[in-house]
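Colleague: Quick one: the structure is below, questions incoming.
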Amino acid sequence: MSKKLEVMYDGKPCYPIYLEQSFDAFLHHYRSLSNSNHRKVCIVTDSIVADLYLNEMEKICKNQFSDVYSFVFHQGEASKNLDTVQKLYFYLINNRFDRKDLLIALGGGVVGDLTGFTAATYLRGIDFIQVPTTLLSQVDSSIGGKTGVDFSQFKNMVGAFYMPRMVYINTAVLRTLPVVQFQSGMGEVIKHGLIKSQSYYQWLKESHDAIMALDDSVLEEMIYESCKIKKAVVEEDPKEHGIRAHLNFGHTIGHAVEKLSDFTLYHGQCVAIGMHSAAYLSTVNHQMSSEVYQDILETIESFGLPTTVSGFDAASILDATKSDKKMDAGHIKFVVLDQVGEAVIDTNYTDDMLLSAISTILQ
Numbered sequence: 076m077s078k079k080l081e082v083m084y085d086g087k088p089c090y091p092i093y094l095e096q097s098f099d100a101f102l103h104h105y106r107s108l109s110n111s112n113h114r115k116v117c118i119v120t121d122s123i124v125a126d127l128y129l130n131e132m133e134k135i136c137k138n139q140f141s142d143v144y145s146f147v148f149h150q151g152e153a154s155k156n157l158d159t160v161q162k163l164y165f166y167l168i169n170n171r172f173d174r175k176d177l178l179i180a181l182g183g184g185v186v187g188d189l190t191g192f193t194a195a196t197y198l199r200g201i202d203f204i205q206v207p208t209t210l211l212s213q214v215d216s217s218i219g220g221k222t223g224v225d226f227s228q229f230k231n232m233v234g235a236f237y238m239p240r241m242v243y244i245n246t247a248v249l250r251t252l253p254v255v256q257f258q259s260g261m262g263e264v265i266k267h268g269l270i271k272s273q274s275y276y277q278w279l280k281e282s283h284d285a286i287m288a289l290d291d292s293v294l295e296e297m298i299y300e301s302c303k304i305k306k307a308v309v310e311e312d313p314k315e316h317g318i319r320a321h322l323n324f325g326h327t328i329g330h331a332v333e334k335l336s337d338f339t340l341y342h343g344q345c346v347a348i349g350m351h352s353a354a355y356l357s358t359v360n361h362q363m364s365s366e367v368y369q370d371i372l373e374t375i376e377s378f379g380l381p382t383t384v385s386g387f388d389a390a391s392i393l394d395a396t397k398s399d400k401k402m403d404a405g406h407i408k409f410v411v412l413d414q415v416g417e418a419v420i421d422t423n424y425t426d427d428m429l430l431s432a433i434s435t436i437l438q
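Heads up: the sequence shown begins at 76 in this note's numbering, then just goes up one per residue.
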């Protein structure tokens with residue numbers, strides 16, 4: 076069944092999010108947009124998604140656009156950099172793309188972030204549409220207008236806030252997603268419940284078996300609820316001046332682990348590991364009980380996600396967190412929980428306290 080959410084900006088509709096179970100309604104929803112008269116389109120995707128869905132999306136687009144182009148780059152976080160953006164710039168320039176043309180990001184978070192950043196900066200901004208194909212990108216990275224690429228080993232250090240014209244989610248693509256990538260997406264799903272909704276977190280636990288069995292109706296409900304949470308947060312704080320930082324729960328230490336692993340771990344896996352440390356800290360300076368802390372660890376692990384990591388030392392992880400873009404005047408902005416569903420920002424943790432939290436994730 077089709078579902079729709081409308082993301083607002085400054086009290087006005089900004090872009091719609093559509094949930095469907097195929098790509099069949101893509102053009103219908105595109106044509107419902109204001110100014111949906113783009114001439115050319117470039118579908119940007121990676122080498123894995125291209126083999127699965129590029130031909131289908133090209134055929135659909137040929138029913139609407141005068142010219143359909145495709146730009147495919149090698150899959151993985153290692154391609155999410157300015158070198159790939161530069162190649163895409165040259166491709167668009169050589170094919171004479173202008174501000175009346177369109178980009179489509181067909182893929183996971185790497186594709187969406189890179190395409191969005193290119194759209195934000197090419198000719199000072201052209202339109203783009205998000206078509207996320209991983210669970211993580213469907214519930215998180217495709218919503219909110221954050222775009223960016225990695226710089227050297229610094230994750231998302233170069234970027235811009237730039238809103239898509241539309242987010243089109245085809246939940247059926249999750250059936251071709253490797254299990255480990257589905258589990259990675261669950262890291263962000265669980266995070267949404269932990270920071271914003273105790274009832275949603277409880278529903279996730281109760282729906283565990285149906286979720287892992289990829290039950291269509293349950294997946295649709297889960298993605299819809301996560302999108303509602305992400306939408307509400309970004310509407311309240313579109314440029315991350317306040318409450319939007321709550322979405323970084325698990326990300327501070329998670330990004331450090333991701334960087335030190337040279338991106339061999341999936342983002343959602345690193346977020347899960349980071350949530351372990353953040354949950355531990357939530358019992359130190361805040362009201363969360365040790366029983367809830369243990370429940371969070373068990374829930375994370377029940378969805379196939381790690382809560383520990385090996386091969387690193389606490390000092391190196393702490394040092395990596397201090398290179399994160401979330402630093403505030405030399406202090407780490409750490410997102411913790413007063414209780415499930417109530418996130419807060421704390422900048423008062425000492426290095427010793429943080430090292431103690433990091434030690435909990437080390438095998």
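Backbone N, C-alpha and C define an ideal beta-carbon position, used for all residues, glycine too. These figures come from a predicted structure and were not determined experimentally.
What whole-angstrom Cβ distance do Thr196 and Ala235 have, given they're in contact under 8 Å?
Modeller: What you label residue 196 is simply residue 121 of the sequence shown in a count that begins at 1. What you label residue 235 is simply residue 160 of the sequence shown in a count that begins at 1. About 7 Å separates the two Cβ atoms, so the contact holds.
Colleague: Going by beta carbon distance, what residues of the same chain come within less than 6 Å of Lys306, once the five residues before and after it are set aside?
Modeller: Translated into positions along the sequence shown, residue 306 becomes position 231. Taken in chain order, the residues that qualify are Leu80 and Val82.
Colleague: Inspect the CB distances between the region 244–252 and the region 104–114 and report whether three or more fall short of 8 Å.
Modeller: The region 244–252 is not in contact with the region 104–114.
Colleague: Straight-line CA distance for Thr435 to Tyr355?
Modeller: In the sequence shown, residue 435 corresponds to position 360, counting from 1. In the sequence shown, residue 355 corresponds to position 280, counting from 1. In a straight line, the C-alpha of Thr435 is about 8 Å away from that of Tyr355.
Colleague: Sort Leu198, Arg171 and Phe229 by Cα distance to Asp337 and report the nearest one.
Modeller: Here residue 337 refers to the residue found at position 262 of the sequence shown. Ranking the options by Cα distance to Asp337, first place goes to Phe229.
Colleague: Quick check on Val359: does DSSP put it in helix, strand or coil?
Modeller: Your numbering for residue 359 matches position 284 in the sequence shown. Val359: coil per DSSP, three-state reduction.
Colleague: Among Ser259, Val160, Pro381 and Asn323, whose alpha-carbon lies nearest the alpha-carbon of Tyr341?
Modeller: Along the sequence shown, read from residue 1 onward, the residue named residue 341 stands at position 266. It is Ser259.
Colleague: Can you tell me whether Gln205 is buried or exposed? The criterion is at least 16 other CB atoms within 10 Å of its CB, across all chains shown.
Modeller: For the purposes of this step, residue 205 is taken as the residue at position 130 of the sequence shown. Buried is the call here.
Colleague: For the candidate residues Phe226, Glu295, Lys221 and Leu252, whose alpha-carbon lies nearest to that of Met238?
Modeller: As a first step, residue 238 must be located in the sequence shown, where it is residue number 163. Nearest of Phe226, Glu295, Lys221 and Leu252 to Met238, Cα basis: Lys221.
Colleague: Do Gly343 and Gly262 count as a contact pair if the criterion is CB distance below 8 Å?
Modeller: Reading the sequence shown from its first residue, position 187 is the one you call residue 262. Reading the sequence shown from its first residue, position 268 is the one you call residue 343. Yes, the Cβ-Cβ distance between Gly262 and Gly343 is below 8 Å.
Colleague: Going by C-alpha to C-alpha distance, which of Ile286, Ser216, Thr208 and Met241 sits closest to Thr251?
Modeller: For the purposes of this step, residue 251 is taken as residue 176 along the sequence shown, with counting starting at 1. Nearest of Ile286, Ser216, Thr208 and Met241 to Thr251, Cα basis: Thr208.
Colleague: Can you give the Cα-Cα distance for Thr429 and Thr159, rounded to whole angstroms?
Modeller: To locate residue 429, count along the sequence shown from 1; it is residue 354. To locate residue 159, count along the sequence shown from 1; it is residue 84. The displayed chain sequence assigns Leu, not Thr, to residue 429. Cα-Cα distance, rounded: 36 Å.
Colleague: Closest to Thr136 by CA distance: which of Ala288, Phe98 and Ser301 is it?
Modeller: Within the sequence shown, numbered from 1, the residue matching residue 136 stands at position 61. First, the residue type needs correcting, since residue 136 is Cys and not Thr in the sequence shown. Among Ala288, Phe98 and Ser301, the Cα nearest to that of Cys136 belongs to Phe98.
Colleague: For the pair the region 264–276 and the region 316–332, tell me if three or more CB-CB distances fall below 8 Å.
Modeller: Touching, yes, given that three or more Cβ pairs across the two stretches are closer than 8 Å.
Colleague: Output needed for Leu167: all residues of its chain with C-beta closer than 7 Å, excluding positions within five of it in sequence on either side, in chain order.
Modeller: Taking the sequence shown and counting its residues from 1, the one referred to as residue 167 is at position 92. Cys117 and Tyr197, listed in sequence order.
Colleague: Quick test of your reading: Ile348 and Val332, contact by CB under 8 Å. State the CB separation rounded to the nearest angstrom.
Modeller: Sequence index remark: in the sequence shown, residue 348 carries index 273 (1-based). Sequence index remark: in the sequence shown, residue 332 carries index 257 (1-based). At roughly 5 Å, the Cβ-Cβ gap stays under 8 Å, so Ile348 and Val332 are in contact.
Colleague: Quick one: is Thr383 buried, meaning 16 or more other Cβ sit within 10 Å of its Cβ, or exposed?
Modeller: Counting from 1 along the sequence shown, the entry for residue 383 is found at position 308. The residue is exposed, with fewer than 16 neighbouring Cβ atoms inside 10 Å.
Colleague: Are Met363 and Asp284 closer than 8 Å when you measure CB to CB?
Modeller: As a position in the sequence shown, residue 363 is number 288, starting the count at 1. As a position in the sequence shown, residue 284 is number 209, starting the count at 1. For Met363 and Asp284, no; Cβs fall outside 8 Å.
Colleague: Let me make sure I understand the geometry here. Which of Val214, Tyr90, Lys303 and Gly223 has the alpha-carbon closest to that of Asn156?
Modeller: Residue 156 sits at position 81 when you count from the first residue of the sequence shown. Closest by alpha carbon: Gly223.
Colleague: For a quick check, are the C-beta atoms of Val411 and Asp426 less than 8 Å apart?
Modeller: Against the sequence shown, residue 411 aligns to sequence position 336. Against the sequence shown, residue 426 aligns to sequence position 351. Cβ atoms of Val411 and Asp426: not closer than 8 Å.
Colleague: Roughly how many angstroms lie between the CA atoms of Tyr164 and Ile270, to the nearest whole one?
Modeller: In the sequence shown, the residue the question calls residue 164 occupies position 89. In the sequence shown, the residue the question calls residue 270 occupies position 195. Spanning the two alpha carbons is a distance of roughly 38 Å.
Colleague: CB of Gly329 to nearest heavy atom of the ligand GTP: below 7 Å?
Modeller: This structure lacks the ligand GTP; in fact it carries no ligand of any kind.
Colleague: Can you tell me which of the three DSSP states His321 falls into?
Modeller: Residue numbering aside, residue 321 sits at position 246 when the sequence shown is read from its first letter. In this structure, His321 counts as helix in the three-state DSSP scheme.
Colleague: Using DSSP bridges, identify the partner residues of Phe203.
Modeller: Residue numbering aside, residue 203 sits at position 128 when the sequence shown is read from its first letter. Paired residues: Leu178.
Colleague: If contacts are defined as beta-carbon pairs under 8 Å, then Phe409 and Leu335 qualify, I think. What distance do you get, rounded to the angstrom?
Modeller: Position 334 of the sequence shown, counted from the start, is the residue given in the question as residue 409. Position 260 of the sequence shown, counted from the start, is the residue given in the question as residue 335. The Cβ separation is near 18 Å, so there is no contact.
Colleague: Is it the case that the Cβ atoms of Leu249 and Leu178 are separated by a distance below 8 Å?
Modeller: Mapped onto the sequence shown, residue 249 falls at position 174. Mapped onto the sequence shown, residue 178 falls at position 103. Cβ atoms of Leu249 and Leu178: not closer than 8 Å.
Colleague: So Gly220 is in the beta strand (DSSP E); what residue range does that whole segment cover?
Modeller: Residue numbering aside, residue 220 sits at position 145 when the sequence shown is read from its first letter. Gly220 -> no beta strand (DSSP E), and no H or E assigned at all.
Colleague: Check this for me: beta carbons of Phe203 and Arg240, under 8 Å apart or not?
Modeller: Taking the first residue of the sequence shown as 1, we reach residue 203 at position 128. Taking the first residue of the sequence shown as 1, we reach residue 240 at position 165. Contact flag set, yes.
Colleague: Helix, strand or coil for Glu333 per DSSP?
Modeller: Taking the sequence shown and counting its residues from 1, one reaches residue 333 at position 258. Residue state, collapsed to three classes: helix.
Colleague: Using the C-alpha atoms, what's the distance from Asp121 back to Leu393?
Modeller: On the sequence shown, position 318 is the one that residue 393 refers to. On the sequence shown, position 46 is the one that residue 121 refers to. Each residue's Cα considered, the two are about 33 Å apart.
Colleague: Where do the N-terminal and C-terminal ends of the beta strand (DSSP E) with Thr120 fall, by residue?
Modeller: To locate residue 120, count along the sequence shown from 1; it is residue 45. Taken as a continuous stretch (DSSP letters only), the beta strand (DSSP E) holding Thr120 covers Lys115 to Asp121.
Colleague: Please look up how many angstroms separate the CB atoms of Tyr90 and Lys115, rounded, as I've assumed it's under 8 Å.
Modeller: Position 15 of the sequence shown, counted from the start, is the residue given in the question as residue 90. Position 40 of the sequence shown, counted from the start, is the residue given in the question as residue 115. With 8 Å as the limit, Tyr90 and Lys115 do not qualify as a contact, their Cβ atoms being about 21 Å apart.
Colleague: Please list the terminal residues of the continuous alpha helix (DSSP H) segment that includes Phe192.
Modeller: If you number the sequence shown from 1, residue 192 lands on position 117. Gly184 to Thr196 is the span of the alpha helix (DSSP H), which, as asked, contains Phe192.
Colleague: Assuming Val119 contacts Phe101 (C-beta within less than 8 Å), just tell me the rounded distance between them.
Modeller: Within the sequence shown, numbered from 1, the residue matching residue 119 stands at position 44. Within the sequence shown, numbered from 1, the residue matching residue 101 stands at position 26. That pair is no contact at about 16 Å.
Colleague: Using a Cβ-Cβ cut-off of 7 Å (strictly less than) and excluding sequence neighbours within five positions of Ala302, which residues of its own chain qualify?
Modeller: Stepping through the sequence shown from its first residue, residue 302 is reached at position 227. Sequence check: residue 302 is Cys here, not Ala. Excluding sequence neighbours, Cys302 sits near Leu80, Ile92, Val214 and Ile218.
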